[in-house]
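Before any comments, here is the structure.
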Amino acid sequence: MKYDVVIIGAGPGGIYAAYELMQKNSDLKVAVFEAGNTLERRKCPIDGDKVPTCIHCKTCAIMNGFGGAGAFSDGKYNITNDFGGTLYEYIGRDKANKLMEYVDDINMENGGEGTKMYSTAGSKFKTICMQNGLTLLNARVRHLGTDVNYIVLQNLLEKLSKKVDFFFNTPIETIEALDDGYRVHHKNGVDEAKYCIVSVGRSGSKWMEKVCKDLDIETTSNRVDIGVRVEIPSEIFEHITDELYEGKITYRTKKFEDKVRTFCMNPHGIVVNENTNGIVTVNGHSFEDEKMKTNNTNFALLVAKHFSEPFKDSNGYGESIVRLSNMLGGGVILQRFGDLERGRRSTQKRIDEGTVRPTLKATPGDLSLVLPKRILDGIVEMIYALDKIAPGMANDDTLLYGVEVKFYNMEVKLDETLQPANHRNLYIIGDGSGVTHSLSHASASGVYVADEILEK
Ligand SMILES: Cc1cc2nc3c(=O)[nH]c(=O)nc-3n(C[C@H](O)[C@H](O)[C@H](O)COP(=O)(O)OP(=O)(O)OC[C@H]3O[C@@H](n4cnc5c(N)ncnc54)[C@H](O)[C@@H]3O)c2cc1C
0 MKYDVVIIGA
10 GPGGIYAAYE
20 LMQKNSDLKV
30 AVFEAGNTLE
40 RRKCPIDGDK
50 VPTCIHCKTC
60 AIMNGFGGAG
70 AFSDGKYNIT
80 NDFGGTLYEY
90 IGRDKANKLM
100 EYVDDINMEN
110 GGEGTKMYST
120 AGSKFKTICM
130 QNGLTLLNAR
140 VRHLGTDVNY
150 IVLQNLLEKL
160 SKKVDFFFNT
170 PIETIEALDD
180 GYRVHHKNGV
190 DEAKYCIVSV
200 GRSGSKWMEK
210 VCKDLDIETT
220 SNRVDIGVRV
230 EIPSEIFEHI
240 TDELYEGKIT
250 YRTKKFEDKV
260 RTFCMNPHGI
270 VVNENTNGIV
280 TVNGHSFEDE
290 KMKTNNTNFA
300 LLVAKHFSEP
310 FKDSNGYGES
320 IVRLSNMLGG
330 GVILQRFGDL
340 ERGRRSTQKR
350 IDEGTVRPTL
360 KATPGDLSLV
370 LPKRILDGIV
380 EMIYALDKIA
390 PGMANDDTLL
400 YGVEVKFYNM
410 EVKLDETLQP
420 ANHRNLYIIG
430 DGSGVTHSLS
440 HASASGVYVA
450 DEILEK
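Start counting the sequence shown at 0; every next residue gets the next number (numbering that gives the first Met the number 0).
In structure tokens:
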């Protein structure tokens with residue numbers, strides 16, 4: 000066989016697996032196949048001018064390519080078992096924490112030094128949240144910022160390229176199990192290796208389902224999180240973001256006892272479009288560079304929806320809601336909270352008259368025509384709950400962008416070494432496995448399986 004290890008996907012899972020293999024045994028022959036482009040060629044054509052909205056490129060420059068979905072992310076590196084995935088259920092809390100710390104050290108050696116680590120430990124906001132029916136989750140978070148995150152990736156790619164064979168724009172079509180290894184099929188032919196690491200992230204979720212079917216690997220799927228991205232003047236949340244950078248806050252609604260949570264907080268950031276499998280959702284970024292900072296803070300409010308039998312297609316449900324918003328708004332819909340509460344659509348005039356300047360050009364409209372009542376009620380309840388700890392949150396001019404959806408990959412049934420029971424030496428990691436949903440957990444899962452392979 001030409002390779003010892005074949006890695007599918009160059010997102011955080013694939014990158015840190017390759018980095019660990021390269022650092023610990025430079026004799027190993029490792030190949031990484033990636034559906035998207037190398038880092039510097041990743042350019043989203045949307046320029047807000049000639050190309051105002053998504054033109055559905057063959058591979059999405061935001062989601063695919065070296066760095067994966069995290070390449071242009073805000074680079075919030077959370078060291079916690081409270082959210083971001085369930086890696087700890089497989090490998091133990093201690094080990095998961097140690098591996099996240101280990102990857103943080105790698106990032107610091109590769110351009111991340113000097114970035115700030117925030118922590119909820121000893122924060123007064125824990126009590127304030129509790130007193131108002133909210134829960135602040137425990138975490139330490141390193142804020143790399145979109146700019147420093149990119150530099151770290153550049154440095155890792157430079158080092159890796161000396162030892163590892165990269166094949167960009169080369170999606171793996173199928174994985175074939177051999178007697179003592181795996182054969183991967185791609186547009187240029189086939190390659191074989193004894194060990195195969197699959198780390199295809201959220202964008203590879205449909206493909207992953209097919210692989211599991213082909214290789215008879217068990218899966219489950221029943222969750223999707225649906226909601227909006229909120230944009231407010233940064234002063235409203237400054238007392239929290241200055242101390243914690245990101246407050247991960249959860250709330251249990253009174254009406255339906257659903258769980259609503261804040262997600263991906265971007266102080267002084269911007270709201271952006273995100274293209275997932277051809278549908279346009281909303282997301283957010285922020286920057287370390289002072290010059291790039293805005294006057295607004297944005298974050299998502301998401302309601303978790305778990306389905307029970309016989310319905311299995313939770314992602315399909317989320318996609319249908321996004322499609323509806325895309326149909327009505329031609330992309331993302333924007334509404335003032337005051338308009339939502341008065342039961343009327345937002346218009347460009349009302350947005351222009353408001354005090355919050357939107358950082359994303361989106362279509363003024365009515366989110367109540369898109370979001371199911373149960374989800375919308377949950378979001379409104381949470382806005383009023385947050386208003387108690389951050390007065391101003393429920394102002395009329397608070398902006399809501401929809402739809403934001405957090406798709407969960409189906410969960411692949413894996414053992415404690417992240418291998419399916421019926422295929423040895425096949426490791427399924429990162430967001431594509433359903434085990435992780437974050438940079439830190441995905442990266443840690445990569446290091447973990449690399450160490451397993453090195454031991455073998
Ligand atoms: C806009 C945005 C902002 C985010 N911000 C944060 C944040 O601040 N903090 C945080 O913790 N998380 C954040 N996340 C989530 C985080 O990026 C992901 O959890 C993480 O990237 C998952 O890593 P991964 O390696 O599992 O998958 P991905 O990063 O999705 O990488 C998978 C790679 O596999 C490739 N691929 C897919 N199918 C194939 C195939 N068949 N053959 C070859 N290659 C294939 C894809 O092109 C992709 O590059 C953000 C996500 C987005 C989209």
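Here a beta-carbon is modelled for each residue, glycine too, at the ideal position from N, C-alpha and C. Model, not experiment: these values are computed from the prediction.
Identity of the residues DSSP links to residue i by a beta bridge
{"i": "residue 363", "result": "333"}
{"i": "residue 251", "result": "258"}
{"i": "residue 399", "result": "229 and 334"}
{"i": "residue 404", "result": "225"}
{"i": "residue 115", "result": "142"}
{"i": "residue 174", "result": "183"}
{"i": "residue 191", "result": "182"}
{"i": "residue 270", "result": "283"}
{"i": "residue 303", "result": "224"}
{"i": "residue 75", "result": "142"}
{"i": "residue 32", "result": "7 and 166"}
{"i": "residue 434", "result": "DSSP lists no partner for residue 434."}
{"i": "residue 425", "result": "195"}
Residue from the options whose Cα sits closest to the Cα of residue i
{"i": "residue 148", "options": "90, 317 and 439", "result": "439"}
{"i": "residue 162", "options": "24, 193 and 305", "result": "24"}
{"i": "residue 422", "options": "328, 211 and 238", "result": "211"}
{"i": "residue 185", "options": "237, 54, 5 and 70", "result": "5"}
{"i": "residue 259", "options": "83, 382, 398 and 433", "result": "382"}
{"i": "residue 216", "options": "419, 0, 406 and 205", "result": "419"}
{"i": "residue 28", "options": "222, 74 and 195", "result": "195"}
{"i": "residue 455", "options": "425, 433 and 430", "result": "425"}
{"i": "residue 85", "options": "414, 295 and 352", "result": "414"}
{"i": "residue 229", "options": "251, 319 and 339", "result": "339"}
{"i": "residue 40", "options": "31, 50 and 63", "result": "63"}
{"i": "residue 73", "options": "284, 311 and 427", "result": "284"}
{"i": "residue 369", "options": "330, 112, 93 and 31", "result": "330"}
{"i": "residue 378", "options": "214, 218 and 250", "result": "250"}
{"i": "residue 289", "options": "0, 400 and 146", "result": "146"}
{"i": "residue 46", "options": "113, 272 and 7", "result": "272"}
{"i": "residue 374", "options": "411, 279, 254 and 160", "result": "254"}
Check: residue i C-beta below 7 angstroms from any heavy atom of ligand 1
{"i": "residue 156", "result": "no"}
{"i": "residue 68", "result": "yes"}
{"i": "residue 403", "result": "no"}
{"i": "residue 228", "result": "no"}
{"i": "residue 34", "result": "yes"}
{"i": "residue 424", "result": "no"}
{"i": "residue 263", "result": "yes"}
{"i": "residue 436", "result": "yes"}
{"i": "residue 224", "result": "no"}
{"i": "residue 317", "result": "no"}
{"i": "residue 11", "result": "yes"}
{"i": "residue 170", "result": "yes"}
{"i": "residue 201", "result": "yes"}
{"i": "residue 361", "result": "no"}
{"i": "residue 297", "result": "no"}
{"i": "residue 352", "result": "no"}
{"i": "residue 282", "result": "yes"}
{"i": "residue 431", "result": "yes"}
{"i": "residue 175", "result": "no"}
{"i": "residue 443", "result": "no"}
{"i": "residue 439", "result": "yes"}
Residue i burial status per 10 Å Cβ neighbour count (16 or more: buried)
{"i": "residue 241", "result": "exposed"}
{"i": "residue 309", "result": "exposed"}
{"i": "residue 334", "result": "buried"}
{"i": "residue 390", "result": "exposed"}
{"i": "residue 95", "result": "buried"}
{"i": "residue 456", "result": "The structure shown has nothing for residue 456, since the chain only spans 0 to 455."}
{"i": "residue 190", "result": "buried"}
{"i": "residue 188", "result": "exposed"}
{"i": "residue 247", "result": "buried"}
{"i": "residue 326", "result": "exposed"}
{"i": "residue 363", "result": "buried"}
{"i": "residue 432", "result": "buried"}
{"i": "residue 436", "result": "buried"}
{"i": "residue 116", "result": "exposed"}
{"i": "residue 266", "result": "buried"}
Chain C within 8 angstroms of residue i, Cβ atoms only
{"i": "residue 380", "result": "Of the protein chains in this structure there is only one, and it is not chain C."}
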